[in-house]
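Residue numbers (my numbering): 197 to 395.
Notes follow the structure.
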């Protein structure tokens, strides 16, 4: 029966599992050689629109309590569904990453991360040939202001709308939603007026 070897990839503790999908009934079969090492504690995953690369966010904790690396693992998807590390992977970040989103044009990867004092979103340019990542910029989160709001914020999830115009991120501390406008040419983020949106 017809099968797909590209989806899904599921994150495990320090590895990535890959399965073929039977398109007639949805059954999963593990790809030979799985699980594929991620290099750290896997917290999120995203597949590039060209289906050639998969990225895994790694969070080791601020003080190294989780073991492994802080950063993003980049893996190349082979024809048989196996995964091999992209040269330079994992791409290290100081405070680790907890969620990923890739722009529909495939040029930029967005990662929720941390600074020494608060949450942030890091923007990486994706090499379309090799899959390697290059940090473009990091945007600190400006926490919501309200009567009962805390003065810190972090993102555990990220989403980009289908046209690639906006990045949406739910704040885990104050329960509000942040919306950023994306420049599709540079990957830059600007806060949408009225964001964060409070119920």
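Just so you know, even glycine gets a beta-carbon here, dropped at the ideal spot from N, CA and C.
Secondary structure of residue i, DSSP reduced to three states
| i | result |
| --- | --- |
| residue 331 | strand |
| residue 220 | coil |
| residue 245 | coil |
| residue 362 | strand |
| residue 387 | strand |
| residue 227 | coil |
7 angstroms Cβ cutoff met for residue i and residue j
| i | j | result |
| --- | --- | --- |
| residue 270 | residue 327 | yes |
| residue 340 | residue 315 | no |
| residue 322 | residue 296 | no |
| residue 251 | residue 242 | yes |
| residue 236 | residue 254 | yes |
| residue 374 | residue 385 | no |
| residue 272 | residue 249 | yes |
| residue 247 | residue 268 | no |
Spatial distance of residue i from residue j (CA atoms)
| i | j | result |
| --- | --- | --- |
| residue 221 | residue 345 | 47 angstroms |
| residue 378 | residue 229 | 38 angstroms |
| residue 216 | residue 275 | 11 angstroms |
| residue 311 | residue 279 | 31 angstroms |
| residue 225 | residue 394 | 43 angstroms |
| residue 325 | residue 245 | 13 angstroms |
| residue 212 | residue 231 | 5 angstroms |
| residue 361 | residue 388 | 11 angstroms |
| residue 392 | residue 319 | 19 angstroms |
| residue 348 | residue 359 | 30 angstroms |
| residue 354 | residue 363 | 7 angstroms |
Per DSSP, the bridge partner or partners of residue i
| i | result |
| --- | --- |
| residue 305 | 298, 320 |
| residue 393 | 373 |
| residue 287 | 268 |
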